[in-house]
Structures are given as structure tokens and as C-alpha cells.
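Presented below is the structure to which this report refers.
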Amino acid sequence: MTAPGIAVIGAGMIGAAHAAGYRQYAPRFGAERFRLATVCDMNGNMAGKMAADWGFAATASDWREVIADPEIGTVSVCLPNFLHAEVTQAALEAGKNVLCEKPLALSAEAAGKLALAAANAPGVSGTVFNYRRIPAMADIKRRLEAGELGRPVQIAVSFQCDYAADPLLPHSWRYEFAKAGPGALLDVGTHAADMARFLFGEVAEVVGAISTISVPERRLPLGATTGHGHAELSDETAAVDNDDVMSGLLRFANGAQGFVSASRVAVGSGNCMTVEVLGTKGTARYSTALPSHYELAILPESGPAEFRKVPNRPATPAIGRLAPVPHDNVAIGYAEVFGYMIHEFLSAIHEGRRLENGSIEDGWRVAQILDAIQAASVSNAPVRIG
Ligand SMILES: NC(=O)c1ccc[n+]([C@@H]2O[C@H](COP(=O)([O-])OP(=O)(O)OC[C@H]3O[C@@H](n4cnc5c(N)ncnc54)[C@H](O)[C@@H]3O)[C@@H](O)[C@H]2O)c1
């Protein structure tokens, strides 16, 4: 009997990160457990290239065929945002294990339906919250839970990117509200809101929010585009109708305050998430721009508190076994962390347990925060959650 197949649906920028993660970690569970089966994309060239690059056996163009295939046991949904809910729902109903890219859906209501479906589905399911897998983040959360930082007081998470800073980048699904939802908010604000909730717990209220469009129109490409890349442009332009920049002020259920911000036009920032956590006894701060360590200051019994560097090393023995170079001073990057997340998903399937950290329910709870930020930015008034 052949092993149940893994399929990656969507062969664009992030589909490759999923394919690479499966390629790296599926063999650890044995050839009889997982098989790299199919890459699906409506663009046959993209599917073919990705299958060849990462050793998947076959390609497909119709995601419905992949979901209907009894030999496929596990799927990653790496499609544009507006397709996530429909494809993930179908995969859950078909009993597949499914890992859906963020944002789970375009609205909290749609994400809530998926959370209900996931709770009743036999397969293992999750939302891609890869930044939770950064060992520094897990370590800061551990310190918070152990009370080392005292009572949570304030958190600031900013996700500044410049992938859309150049106004000559082509128009794509990302710049259409109907296909992407709110722009920077749903694209990278999702990670910022998830990180704030991961570390400080449930958000009770969005006190205020602002969103801005700074590049109001872009030229349409002549051919297909993927990710954030340049392409040959036509003379035709299309409006950008979702935010380039957003900021939201949060009140947490535990009484702490939070600030989340996201931009896709932050010139020079690359892909940079910065987290600052303040408690009554200590402060921790981390930036993906300085991945080798995070900084920690704990209030001493006397004298001023000073920051020290804490290595961003694999926080658990399980993750430690995954790091090819498990040395404290060797920085861990985006792709490795993405791989840790895929490994955790495969482990949950292998062990027959739910994926608790980065579940579909987590995707829904984050969607509630994002909906409230969007609503507050329109109404200019506070929005309570739940
Ligand atoms: N977790 C992360 O860090 C991270 C990073 C980047 C993107 N993402 C998410 O991943 C998703 C995809 O983003 P991307 O940058 O890879 O996009 P992309 O545009 O590069 O790729 C999307 C792919 O989907 C294919 N596609 C579109 N409609 C299809 C259909 N009906 N059937 C089959 N294939 C179809 C396109 O041909 C394209 O190859 C988005 O939801 C985005 O938010 C997550």
C-alpha cells in the first residue's frame, strides 16, 4: 500500500515554503507514513516547476480533484486569501488533514464557520502562524507564564514590510479588497495580531484604529504574477482599495494594553516583525531583523535593570533535534522556522492528536481581532470583541 499523499495547493511564493518544509521533514516519519504527491496550481508551469524543485510526484490544476482524491491525506492551502475558506472547508469535510495559510478567511464570520467545521472534522488542522515557532517567541511566552516578567502591562507588535513600497510593482489580487480583504492588516497584521494574542491572551476591545492607502493605483501586469515580484506592466491601471498601512490600539482581557501596526510600504524594512513585551518586573524585545537573539531586562533587587542578550535557540528538545546547526550563536531564519511548523503539523498527524498551537480556532480568534480593527478604522469608535 502506498503512503497517504501530501498535496500543496497553490504554487506561488509561499507554496514553495510548504513544499520545502514537507520535503525536509516528511522523510523523518518514514516513507510508509507520508508521500510527496501533488502540487496543484491553475498555472501549469508554476505547478510543474514546484513539483520538480521539491520532488513531488504529480501536478494538478483543479483543487477540487485534489480534495476528491482518496490517495491524498494531507493538504496545504496556499492560495490567494479569498479562496482559503472554500478550499479549507472542502478539505475538512473530505476528512483531510489541512494546514491553511493565513488569513484563514476574509471575515471573522467565515473563519468561525471553519472553526466549527474543524472541531467536528476527523483530520488534523491548523492555521499557518509560523512566527509562533520562532524559539525566542516561545521562550518569551514561557517566561511570561512563569511570572518572570511580572504582570503583563503593555505589548507592541509591528510588522513592517516594504514589498509594496515600489509603486511600479504590478497590481495583483493583494490590492483588491474583494480578493485579499483589508491589505496590510490581513496580510501581515494577521501575524502581528496573532503574536499579541499568543503572548498576552484574548483581546477584549479595539480602542481605536487607523488605516491608510498610500499607493492608490497600480499598473496591471501583462502576464501572470506571483508573490511580490516585478513583472512586465501594461498601460492599464487599477485602483488599490485596501490599506497599505494600519495601526490598532488594543485592550486585553487581562487589563494590559497593546499596539499592533503593519505596513507593506515601509521603505527599507524588508520583512520585519518587532515585538516588545513589558511586564511589571521585566521587558523582553525581539526583532526578526536581529534573529540570533532577543533582549531581556529583569528588575534587580537594587540598581538599574540592564538588557542582556538571550540566544534565539531551539526552545524545546524536539525543535533542538531539527536544527542542523544547534549552536547558540548561529541565527535561525524564516525558512527554518517555517520548517519547524510543518514538522509540528506532521507530528500531530503522526501521533493522532490535534494541533493546539496554531489551530483553526486560533485563526478564527485572530480574525475577530482583525475584523474589530477594520471596523474601528471605519467607524472611528471602539469595538468590543466577543
Ligand atoms: N505565512 C506567511 O509567512 C506567508 C507569507 C506569504 C504569503 N502568505 C499567504 O499565502 C497565500 C498565498 O500567497 P502567495 O504570496 O504565495 O501568493 P501568489 O500569488 O504568489 O501565489 C498564489 C498561487 O495560487 C494560484 N492560484 C490562484 N487561484 C487558483 C485556483 N483557483 N486554483 C489553483 N491555483 C490557483 C496562482 O496561480 C498562484 O501561483 C496568501 O494567503 C498569503 O497571505 C503567507
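Numbering (the numbering used here), first residue to last: 692 to 1077. C-beta atoms are modelled at their ideal positions from N, C-alpha and C, and glycine is treated no differently. Model, not experiment: these values are computed from the prediction.
According to the DSSP secondary-structure assignment, glycine 949 is paired through a beta bridge with Ile846 and Leu941. If you check the C-beta of alanine 702 against ligand 1, you find a heavy atom less than 7 Å away. In terms of Cα proximity to valine 894, the closest of Gln1059, Ala975, Val789 and Ala717 is Gln1059.
Relative to ligand 1, the beta carbon of threonine 779 is positioned no closer than 7 Å to any heavy atom.
Valine 778 sits in a helix when the DSSP states are folded into three classes.
Boundaries around valine 898 are those of the beta strand (DSSP E), 894-903, since no alpha helix (DSSP H) includes it.
Listed in chain order, the non-local C-beta contacts of threonine 916 below 8 Å within the same chain comprise Pro861, Ser863 and Ala922, local neighbours out to five positions each way being set aside. Under the 10 Å beta carbon count, glycine 994 is surrounded by fewer than 16 other beta carbons and is classified as exposed. For asparagine 788, the secondary structure class from DSSP, reduced to helix, strand or coil, is strand.
Out of Thr881, Ala1072, Gly1077 and Ile1033, the CA that lies nearest to the CA of serine 816 is found in Ile1033. Rounded to the nearest angstrom, the Cβ distance from alanine 806 to leucine 783 is 10 Å, too far for a contact under 8 Å.
Its chain contains Trp745, Ala1026, Phe1029 and Gly1030 as the residues whose beta carbon lies nearer than 8 Å to that of alanine 711, once the 5 sequence neighbours on both sides are disregarded; these appear in chain order.
Excluding five sequence positions before and after alanine 751, the CB atoms of its chain that fall closer than 6 Å to its own CB belong to Thr729, Cys731 and Val757, given in chain order.
When C-alpha distances from proline 912 are compared across Ala749, Ala929, Phe720 and Ile763, the shortest belongs to Ala929. Relative to leucine 840, the option among His709, Gly739 and Val968 whose CA is nearest is Val968. According to the DSSP assignment, alanine 884 belongs to the alpha helix (DSSP H) that extends over 880-891.
Rounded to the nearest angstrom, the gap between the Cα atoms of valine 1021 and serine 983 is 6 Å. Boundaries for leucine 795: no alpha helix (DSSP H) harbours it, and the DSSP string shows neither H nor E there. At a cut-off of 7 Å, the beta-carbon of histidine 775 counts as near ligand 1: some heavy atom of the ligand is closer than that. Residue ranges of uninterrupted alpha helix (DSSP H) with 4 or more members, entirely inside the segment 793-877 and ordered along the chain, are 799-811, 826-836 and 868-871.
The criterion of a C-beta distance shorter than 8 Å is satisfied by serine 905 and aspartate 935. Assignment of beta-bridge partners to glycine 696 by DSSP yields Arg726 and Ile763.
Here the segment 782-800 lies against the segment 1033-1051, with 3 or more beta-carbon pairs under 8 Å apart. Secondary structure at isoleucine 989: strand, using DSSP grouped into helix, strand and coil.
The C-beta separation of serine 767 from valine 699 comes to about 5 Å, placing the pair in contact by the 8 Å criterion.
Between alanine 801 and alanine 776 the beta-carbon gap is near 5 Å, inside 8 Å, which marks them as a contact. Collapsing the DSSP output to three states places alanine 996 in coil. Between isoleucine 831 and tyrosine 985, the beta carbon gap of about 7 Å places them in contact (Cβ cut-off 8 Å). Around the CB of alanine 1063, 16 or more other CB atoms lie within 10 Å, so the residue is classed as buried.
The three-state secondary structure of glutamate 1047, taken from DSSP, is coil.
Relative to ligand 1, the beta carbon of tryptophan 754 is positioned inside 7 Å of a heavy atom.
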